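Below you'll find the structure, written out as structure tokens, and then a few comments.
Number of protein chains: 2
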Amino acid sequence: MTATTELVTGVVVTPLKKFDVPAGDVFHGIKRSSPEFVDFGEAYFSTINHNHVKGWRKHTQMTMNVIVPVGRVKFVIFDDRSDSPTKGQFMSETLSLINYNRLTIPPGLWVAFRGEAPGMNLILNIASIEHDPAEAINCDLNDISYHWQQETNNEIV
Amino acid sequence: MTATTELVTGVVVTPLKKFDVPAGDVFHGIKRSSPEFVDFGEAYFSTINHNHVKGWRKHTQMTMNVIVPVGRVKFVIFDDRSDSPTKGQFMSETLSLINYNRLTIPPGLWVAFRGEAPGMNLILNIASIEHDPAEAINCDLNDISYHWQQETNNEIV
């Protein structure tokens, strides 16, 4: 349960516990007492189809806490914050029940994610604020150059 | 998005919105502003294997908000609260992405649930307090007599 700060300042990858239960397993998400917990605004699910990408999007207010209980999703984060020690850097984290981590993304960072598994890729976001289109900025996938293909042998559809 | 109070006082079944998005759909969970939202303590996943039952369990403090984004889960609630107008009554609600509702269960009620689909049956509980074994009471499935078999043709394993 050690939280590890990754290559982009403020982003935290936290291993989560899984419990084997005979009638069906239990997987942790986030607790109010988790160090990464900021506030509760909304919990919602997103899916991302195999080899499809959603992004880029920057939340200006929302802290995201994302978990992937089904499938496998690669998240890529780009830091263009003018005052950040990691300005200009990318980081990626691929989440699944195998690599069962929570990815905490503070506001101000660009995020894109790709479905890596055939079938359902399911993301739970426990967000610090409710959905508000006015606080999110979108840009085209090509506007921030990231070499998705280098990471896997899959082709982006 | 109309909340409907069901056969057991205090239990609320709320239809949730689903959004078709080309790269992958989005499914609502719960917002801070939802009428049923009490407080945020913890979000966690449980799975329930096909034809297996977990229960009975009564939370004395926790309000549960359960959602089923994968598979199909039948929840059964039994009311033995001495001061309840619905004392002695059962209610059931089967959740899935087809019947995509949020089931809000206040403390003081007995709950059991069964996995209804082959493959994964996944439950998200957005709970008003953190997990605390001291606030939950368990009893054997046979201690509260409910005729599971009458509801489906499946046999309980």
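Protein chains in written order, with our numbering: chain H, 1 to 157; chain E, 1 to 157.
The beta carbon of each residue, even a glycine, is placed where N, CA and C say it ideally should be.
Only a predicted model underlies this, so the values are computations on that prediction, with no experimental measurement involved.
Secondary structure note for E/Pro133: it is in no beta strand (DSSP E), with a DSSP letter that is neither H nor E. Ranked by Cα distance from E/Pro69, the first of E/Asp39, E/Leu97, E/Phe45, E/Gln89 is E/Leu97. Against chain E, the CB of H/Asn138 has no partner CB under 9 angstroms away; the residue lies outside that interface. Counting other Cβ atoms within 10 Å of its Cβ, H/His28 reaches 16 or more and is therefore classed as buried. For H/Leu95, the enclosing beta strand (DSSP E) begins and ends at 90-96. Taking C-alpha positions only, H/Asn101 is separated from H/Trp148 by approximately 21 angstroms. Interface annotation, H/Glu135: not in contact with chain E, CB-CB separation never under 9 angstroms. Take the alpha-carbon of H/Phe113 and the one of E/Asp83: they are about 50 angstroms apart. The C-beta of H/Ser145 has fewer than 16 other C-beta atoms within 10 Å across all chains shown, which makes the residue exposed. Chain order gives the chain H residues near E/Gly41 as Lys31, Arg32, where near means a beta carbon separation below 8 angstroms.
Distances from the alpha-carbon of H/Thr104 to those of H/His59, H/Asn138, H/His52 put H/His59 closest. For E/Lys17, the CB contacts under 6 angstroms within the same chain, skipping 5 residues up- and downstream, are His28 in chain order.
Contacts with chain E at 9 angstroms (Cβ-Cβ) include H/Ala23.
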